[in-house]
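Engineer: Sending over a structure as structure tokens; questions will come in a sec.
Chains as they are written, first to last, in the numbering used here: chain A, 1 to 424; chain B, 1 to 424.
What follows is the structure, given as structure tokens:
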């Protein structure tokens, strides 16, 4: 039995009862012979309450002070959790991100981890203690100021520590049973995925599946660290995110569909009447990049020969929509397009799985399923293991269910989901 | 205009409004040309709420984790205060006790400061920023664990930083106007003291005056750091605690009474029928010391020649009374006294001022005042600048008022309070 890193989110440690429940689960892992490092988030709504307080004293709080403020949240939960474990007769020591050696860059509120030096954590577990580490926080390598890692930061802390400590695996405890073939709130027949490769999980995450964020999956993939996503409220096995042995995968030529993700958080901007000559698209996306906005899907329509003009559409988070429209409006004279269209009533639906490109039937089945349920496709984008389409937002539930059924993902079948492509 | 250290307690920063009020006061000091270092406590009842949470998860929380938990409180208040100051257009940076270089021993929950290395604080003020420092907390020199300084710790942080930084003075902001000649809730005519020497303030503090704790006064005296105790709710001058120039004091042979303190937090234990022979008293106080209890006043009665037995009485905090009685009961067979009496209905009244010993009229006036108002004296203890007596608890208010009046401290007189001794 080796070392395991466990991460508990805010809903798992929302109150004293929750903390005691989590403490028992940790002690169980100790009793089973594991060394345990625990990464914990702030209790329940603590972080939101601190954000509200900051808003009361200052409309635009400083990033450095905001990080100092927010990191008080994990300090409370980790100390209480350590006390609760000690109360069950096991040794436990809590550590801040800085004490745990989580070294970051100096970008407050969304720092990136650049090194992990977990000497004190290793010392604690060598002594037989459970090490409790504050998630979401680190210390800047250059300024020595306290930083926070931004959205989903605690998951990243857990994976980074697991990698640095050479853990067997990283367990991410949450309030659902694992990763599902589609959002169970939309697709009642969605099935829990027992095992999924890093690449597929990464595509699902960036396509709208909320359970894990792409950032922590990316980190785990780089270091080949298995992640086990599971519920802190049950003892069930959850979803393992890890690489199959090479042989197992290479021997299989069929497409293996992991799941269907959807995302309604994006908007579509169409730049109408762009002169179809070299450099035009570059100017458009330079204007967006200069405004520090990230875009997702991009499609350029075929140019109409009669006018020499084309349209370029792209999607980006709704929250960035206003900024993007402003940036493009400012750039319009230099670029010389005709007009802009903004549309935030869209949804993105993505099918994720291995072997798609070599199994053209997958794309056909996907589009047929949408067409049969009357869903119109507005944009298409594909990667090695993903096909995404943009549809109307109010059609998304129907579209996801249709695709889920078409690929045999519905839970009547107890077998592994395999789609054998048969040509276009 | 030099450097000033300001300390604000929990009641001054209890909510967003309080924090903004304090921020304005700090900015005023900056506008007046001062460099400012601020020491801040946790907001309002934060610390008590965290203590309650700890009690919910563990009946006997670990000292290390308890300190980790409690230090979240100042982290919140200091970050918010820094934001509020920045919002007024002035630069501000917050620092934990550890970042501020407050180095302590490893005794959790009541650590003592052993060094202050305020390099980062000096750097911040050199840049023109206000440095906000978390009070009450430090970092252990040997274990690098977070520690707290115990009761009144934030005042001690402020004085220690003022000394290390070579500040002009240390301002302790509180919810009263300063130090008074007696507790204004008991003596309506009590006057605010404009200036008081360290020694007198120290005696008042250990005799029951709550505004400053002896610990921080002791620290300030050692480094000759002037303390200004004042209200954060008004602009009034408060009480300066500092040494008079040597000449000013030495030239004056009259007794100068600083004030009357009282304390109802102690109990009296009388050991009855102790054999009057060498070593008996030592055995009694060894038993108390072995139980790690501190005692305050001690009086041994004159032995009755007929029996060869004597009584020994002492006072100690009520909270330690039970432990002391247990320790003495266990030691009774070895010591051989007759019985124990416990009395927690007592009060201690202390008169503090310079020149008492050489002005015997002071003692006489003190005892006459008590006698004239029908107050019986049970124990007496004196130091160079203090006389303390123990009376019944229910007589304390009357006794304090009588003494206050007898020494001309009542506020009708606007002059400095001087008592000219005239012999016994």
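Ideal placement from N, C-alpha and C gives every residue a C-beta, glycine not left out.
Under 9 Å between the Cβ atoms of residue 90 (chain A) and residue 26 (chain A)?
Structural biologist: Yes; because the gap between Cβ atoms is below 9 Å, this pair is in contact.
Engineer: Residues of chain E with CB closer than 7 Å to the CB of residue 20 (chain A), please, in chain order.
Structural biologist: The displayed structure is made up of protein chains A and B, and chain E is not among them.
Engineer: Consult DSSP for residue 115 (chain A) and reduce its assignment to one of helix, strand or coil.
Structural biologist: Residue state, collapsed to three classes: strand.
Engineer: Please confirm if residue 127 (chain A) has its CB atom under 9 Å from at least one CB of chain B.
Structural biologist: Not an interface residue.
Engineer: Cβ atoms of residue 77 (chain B) and residue 430 (chain B): under 9 Å apart, would you say?
Structural biologist: There is no way to answer for residue 430 (chain B), as the model of chain B reaches only from 1 to 424.
Engineer: Check residue 435 (chain B) in the structure and name its three-state DSSP category.
Structural biologist: Only positions 1 to 424 of chain B appear in the structure, and residue 435 (chain B) is not among them; the question remains open.
Engineer: By Cβ distance below 7 Å, which residues in the same chain neighbour residue 422 (chain A) in space, the five residues on each side in sequence not counted?
Structural biologist: With a pLDDT of 33 at residue 422 (chain A), under the threshold of 50, the modelled position of this residue cannot be trusted, and the question is left open.
Engineer: Please report the straight-line C-alpha distance between residue 161 (chain A) and residue 290 (chain B), rounded to a whole angstrom.
Structural biologist: Residue 161 (chain A) and residue 290 (chain B): Cα-Cα distance of roughly 46 Å.
Engineer: Measure the C-alpha to C-alpha separation of residue 300 (chain B) and residue 227 (chain B) and round it to an integer number of angstroms.
Structural biologist: One C-alpha to the other measures close to 38 Å.
Engineer: I'd like to know whether the C-beta of residue 61 (chain B) is nearer than 9 Å to at least one C-beta of chain A.
Structural biologist: Yes, its Cβ sits closer than 9 Å to a Cβ of chain A.
Engineer: Assess, as a yes-or-no matter, whether the region 100-117 of chain A is touched by the region 129-144 of chain A under the definition of 3 or more beta carbon pairs within less than 8 Å.
Structural biologist: Yes, the region 129-144 of chain A touches the region 100-117 of chain A.
Engineer: Taking C-alpha atoms, which residue in B:212, B:294, B:405, B:96 lies nearest to residue 441 (chain B)?
Structural biologist: Examination of residue 441 (chain B) is not possible in this model, given that chain B is present from 1 through 424 alone.
Engineer: Is it right to say residue 108 (chain A) is buried, meaning 16 or more other beta carbons lie within 10 angstroms of its own, or is it exposed?
Structural biologist: Buried, since its Cβ has 16 or more Cβ neighbours within 10 Å.
Engineer: State the Cα-Cα distance for the pair residue 285 (chain A) and residue 193 (chain A), rounded to the nearest angstrom.
Structural biologist: Cα to Cα, the separation comes out at about 37 Å.
Engineer: DSSP has residue 13 (chain A) in a bridge; who is on the other side?
Structural biologist: Beta-bridge pairing links residue 13 (chain A) to no other residue.
Engineer: In terms of alpha-carbon separation, which member of B:36, B:191, B:381 lies closest to residue 363 (chain B)?
Structural biologist: That would be B:381, whose Cα lies nearest to the Cα of residue 363 (chain B).
Engineer: Could you pull out every residue in the same chain whose Cβ sits closer than 7 Å to the Cβ of residue 426 (chain B), ignoring the five residues on either side in sequence?
Structural biologist: An answer regarding residue 426 (chain B) cannot be provided, because it is not within the stretch 1 to 424 covered by chain B.
Engineer: Would you list the residues sitting across from residue 346 (chain B) in a DSSP beta bridge?
Structural biologist: Answer is B:392.
Engineer: Is residue 379 (chain A) helix, strand or coil by DSSP?
Structural biologist: Residue 379 (chain A) falls in the strand class under three-state DSSP.
Engineer: Going by beta carbon distance, what residues of the same chain come within less than 7 Å of residue 410 (chain A), once the five residues before and after it are set aside?
Structural biologist: Answer for residue 410 (chain A): 189, 404, listed in chain order.
Engineer: Would you grab the beta carbon distance between residue 67 (chain A) and residue 147 (chain A) for me? Rounded to a whole angstrom, and I think it's under 8 Å.
Structural biologist: Between residue 147 (chain A) and residue 67 (chain A) the Cβ distance is about 5 Å, and since that is below 8 Å, they are a contact.
Engineer: Helix, strand or coil: which one does DSSP assign to residue 236 (chain B)?
Structural biologist: Here residue 236 (chain B) sits in coil by DSSP.
Engineer: Distance check for residue 208 (chain A) and residue 373 (chain A), CA to CA, integer angstroms please.
Structural biologist: Taking the straight line joining both Cα atoms gives about 22 Å.
Engineer: I want to verify the contact list: residues of chain A whose CB lies under 8 Å from the CB of residue 75 (chain B), in sequence order.
Structural biologist: By Cβ distance, chain A contributes 68, 69, 71, 72, 75.
Engineer: Tell me the rounded alpha-carbon separation between residue 250 (chain B) and residue 198 (chain B).
Structural biologist: With a pLDDT of 41 at residue 250 (chain B), under the threshold of 50, the modelled position of that residue is not reliable, and the figure given next carries that caveat. Cα to Cα, the separation comes out at about 16 Å.
Engineer: Just to confirm the assignment, what range does the alpha helix (DSSP H) spanning residue 40 (chain B) have?
Structural biologist: Counting along the chain, residue 40 (chain B) falls outside any alpha helix (DSSP H), though it belongs to the beta strand (DSSP E) covering 35-40.
Engineer: Does residue 262 (chain B) pass the burial test, meaning 16 or more other C-beta atoms within 10 Å, or should it be called exposed?
Structural biologist: Residue 262 (chain B) is buried by the Cβ-count criterion.
Engineer: Whose C-beta lies closer than 6 Å to the C-beta of residue 354 (chain B) among residues of the same chain, with five residues either side of it excluded?
Structural biologist: If we look at residue 354 (chain B) and ignore the five residues flanking it on each side, its Cβ neighbours are 256, 385.
Engineer: Tell me the rounded alpha-carbon separation between residue 214 (chain A) and residue 237 (chain A).
Structural biologist: Using only the alpha carbons, I get a separation of about 22 Å.
Engineer: Does the Cβ of residue 282 (chain B) have 16 or more other Cβ atoms within 10 Å, making it buried, or fewer, making it exposed?
Structural biologist: Residue 282 (chain B) comes out exposed.
Engineer: Hey, is residue 84 (chain B)'s beta-carbon within less than 9 Å of any beta-carbon in chain A?
Structural biologist: Answer yes: the Cβ-Cβ gap between residue 84 (chain B) and chain A drops below 9 Å somewhere.
Engineer: Taking residue 429 (chain B) as the reference, which of B:351, B:52, B:54 has the closest Cα?
Structural biologist: Outside the displayed span of chain B (1 to 424) sits residue 429 (chain B), for which this structure offers no information.
Engineer: Look at the alpha carbon of residue 65 (chain B) and the alpha carbon of residue 365 (chain A), and state the distance between them as a whole number of angstroms.
Structural biologist: Their Cα atoms are separated by approximately 57 Å.
Engineer: Which chain A residues are close to residue 41 (chain B), counting only those with a beta carbon under 9 Å from its beta carbon?
Structural biologist: Within chain A, no residue comes near residue 41 (chain B); the closest Cβ sits about 14 Å away, beyond 9 Å.
Engineer: Between the C-alpha atoms of residue 73 (chain B) and residue 42 (chain B), what's the straight-line distance to the nearest angstrom?
Structural biologist: Cα-Cα distance, rounded: 5 Å.
Engineer: Threshold first: 3 residues or longer. Then list the beta strand (DSSP E) segments lying entirely within the region 36-123 of chain A, N to C.
Structural biologist: Whole beta strand (DSSP E) segments, 3+ residues: 92-95, 102-104, 113-116.
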